[in-house]
Amino acid sequence: MDEQTALAELDRRGREAGTRLRIRRRAHHRRAERAGASLASSAVVSLGIGRGARRRRWWLAAAAVAVIVAGVAGYLQLRGGQSDLVLGGDRTYLVPDDLPPTFEPALVTQGDSSATAGKTVLVAYGEPSRADPWDGPTLFVHLVHGAEFHFEDSSDRVTIQGHDARVSRFDDSWSVAWNLEEGSMVVTGRDVGRDAVVTAAREATTEPAIDAEGLPGDSAEVARGPLDAARVPWYLAPFQGQQSSSA
Amino acid sequence: VALRYIEDRSVAEIAEILDCALGTAKVHLHRGRLTLARRLGLLEED
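Residue numbers (the working numbering), protein chains in the order written: chain H, 3 to 249; chain S, -15 to 30.
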């Protein structure tokens, strides 16, 4: 590809990425406002650009630009088909800012996923009919290879497919975890009740996947991708102190 | 590059934001686009 063609393609992707990011950023702001959350704690990067900005220290602008360029590069790579993240059909919502803040880095930093690619895959389920599936109930399933949880007797116990499992609550999420020969299975639900998460866990497979019988009525797979190893500890936060090894 | 693609700014606006000459902004933008194109595999590395 010659330089002119390459730059034209870059501009096309960049315009598309920029448009989507701005749309998602506005949606994110609307959600944050609805939730009464402070934008200061938002994951969205805002340059705060205006006429007064020229007096700002250059390194602040450079740092902000570096962060955003990294995000754009990741997004463009994702859109350019160089990612092993699977986007089914005409789904266009799986972009930075779409994802729940705690899962976003795992799915955006595709370039750093070599250590976990094909090994620790996270699958997300939501309601595809929503304009933004991440704004509704979501379920996640993940097999942590090589990990084994050691549960405390006092924790919330359930039986999943004949295995002793534990239920934990973490912020607005419920998680169910149990040990298998291959590793530890974790099913987490956001904005989903405890019973629904346990039901989903009972239909979980090591693919990993959750069979349709275990999903709420309108839910379907909305994302599948490797989990960044750096994010595994956060993902397992509900079980801190209960894990003997990690992926 | 971020200002161009994410903030949808014109080169003149970018130059004003960065407090540099229009030509300087154009050069930086061109170099940045080339770098990004190479990172994305659209252009071969030098």
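The beta carbon of each residue, even a glycine, is placed where N, CA and C say it ideally should be. Please read all numbers here as calculations on a predicted model, not as lab measurements.
Of the residues H:Leu23, H:Arg24, H:Arg22 and H:Arg226, the one whose Cα lies closest to the Cα of Phe142 (chain H) is H:Arg226.
The contact set of Arg17 (chain S) on chain H, defined by CB atoms closer than 7 angstroms, consists of Leu9 and Leu12 in chain order. The beta carbons of Ser175 (chain H) and Thr190 (chain H) sit closer together than 7 angstroms. Look at Leu27 (chain S): its C-beta is under 7 angstroms from a C-beta on chain H. In the structure shown, the three-state DSSP call for Thr190 (chain H) is strand.
In the three-state scheme derived from DSSP, where H, G and I count as helix and E and B as strand, Thr19 (chain S) is classed as helix. Within the region 150 to 228 of chain H, the runs of beta strand (DSSP E) at least 3 residues long that lie entirely inside it are, in chain order, 158 to 162, 165 to 172, 175 to 181, 185 to 192 and 222 to 228.
When the beta-carbon positions are compared, Val178 (chain H) and Val146 (chain H) stay at least 7 angstroms from each other. Ranked by Cα distance from Pro218 (chain H), the first of H:Glu5, H:Pro139, H:Glu184 and H:Arg15 is H:Pro139. With the criterion set as a beta carbon lying under 9 angstroms from some beta carbon of chain S, the region 165 to 186 of chain H has no members that meet it. When C-alpha distances from His144 (chain H) are compared across H:Arg15, H:Val169, H:Thr208 and H:Ala202, the shortest belongs to H:Thr208.
Less than 7 angstroms separates the beta-carbon of Val(-15) (chain S) from that of Leu20 (chain S).
A direct Cα-to-Cα measurement between Val169 (chain H) and Phe153 (chain H) gives close to 10 angstroms. Listed as beta-bridge partners of Gly128 (chain H) by DSSP are H:Ala222.
For Ile(-2) (chain S), no Cβ of chain H is located within less than 7 angstroms of the residue's own Cβ.
The Cβ-Cβ distance between Arg17 (chain S) and Leu9 (chain H) falls below 7 angstroms. If you look at Val146 (chain H), you'll find it isn't in any alpha helix (DSSP H); it sits in the beta strand (DSSP E) that goes Thr140 to His147. Counting along the chain, Val(-5) (chain S) sits inside the alpha helix (DSSP H) bounded by residues Val(-5) to Leu2. Thr7 (chain H) is classed as exposed because its beta carbon has fewer than 16 other beta carbons within 10 Å across all chains shown. Taken through DSSP and simplified to helix, strand or coil, Val(-15) (chain S) comes out as coil.
About 18 angstroms separates the beta carbons of Leu23 (chain H) and Ile1 (chain S), which is beyond the 8 angstroms limit, so they are not a contact pair.
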